[in-house]
Structures are given as C-alpha cells and as structure tokens.
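*Asks:* Numbering (mature numbering (1 follows the signal peptide of the UniProt record, and there is no 0)), first residue to last: -23 to -1, 1 to 130.
(1) Excluding the five sequence neighbours on either side, which residues of its own chain have a C-beta within less than 7 Å of the C-beta of residue 113, listed in chain order?
(2) Considering only the alpha carbon of each residue, which of -1, 26, 81 lies closest to residue 48?
(3) On the DSSP bridge assignment, give the partners of residue 100 in chain order.
(4) Okay, do the segment 24 to 44 and the segment 76 to 90 touch, 3+ Cβ pairs below 8 Å being the bar?
(5) Determine, using beta-carbon pairs with one atom in the segment -9 to -2 and one in the segment 51 to 63, whether at least three such pairs fall under 8 Å.
(6) Confirm, please, whether the CB-CB distance from residue 83 to residue 31 is below 9 Å.
(7) Give me, in chain order, the residues of the same chain whose beta-carbon lies closer than 7 Å to that of residue 42; leave out the 5 immediate sequence neighbours on both sides.
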C-alpha cells in the first residue's frame, strides 16, 4: 500500500508541476498568443486581461498575472520535493481554488474567450475551467495520498 501511495503521489505531483510550467513558461514550440503568463506582453494575456477589463481593476494585468505565476512556480518546486510535497499541494490548492472562483465569477466566466479581439466571439468551451477543477482535485488528492513522515519509515 505504501508503494502505491508513493507512486500516486509522484504521478499527481508531476502532472501538477508540468501544468504549472506549461502555463508559466510554455516550453513547447509555438505557444498560443495570450496564454503564457511570463512571456505575454502587458495587456495581452487573455485570462488576466479579461478579468482586468470586466472588473475594472487594472492590477490584475500584468501585476496579478506575474504574482500568480511566481506562486505557481514556487508551488511546483515544493511539489517536486517529497519532504515539502504536502505544503506544495496546499499552496497549489489555494491557487487553483482562486482560479475556480474566478471562473465562477462574472469577471471571467466558465468559458474564456480565445482572443481579446471583440469581433471574435469564440470561446474555449470551458476547457480552462475544467482544467482548473482537475488540477484542484489533484492537489487535494496529493494532500491525502502523499505518505506522512511516519509512513515513509
């Protein structure tokens, strides 16, 4: 049972780390415009600019985007290390709980636009919202599944 918990903990943690790195740095070639937290020019990140526009709070873009990105990378670092994994999962759950709350607010909505162009009315169909929920569930599972210090022997 202990081996199973270790394997599940590693799998969930690696998934979360990969998703955080993907959202912040996007190591894959040709990242979509407006979806990379650290490399989008100010005012061009779709999610945070939509929140800033709909809320009227300009602090969300770019300051909020960069702060969230830094916290996500810190959570990823804590998730990689087994002795700090629970804290990383707790930090990750806090970030993702905020993401789910934003998606449920009128400022962002469940379906995110695919472009900042007002003429383009297409959305992602709720995929980003579902990903936030999936990652939140994975974070909560890491907190439960990761073996405690006494289980690690």
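We put the CB at the ideal spot given by N, CA and C, even for glycine.
*Replies:* Taking the geometry as given:
(1) So the qualifying residues of the chain are 70, 73, 74, 77.
(2) Looking at the Cα atoms, -1 is the closest of the given residues.
(3) 90.
(4) A contact exists between the segment 24 to 44 and the segment 76 to 90.
(5) The segment -9 to -2 vs the segment 51 to 63: in contact.
(6) It is a contact, given that the beta carbons lie within the stated cut-off.
(7) Excluding sequence positions up to five before and after residue 42, its CB lies within less than 7 Å of the CB of 14, 22, 25, all in the same chain and listed in chain order.
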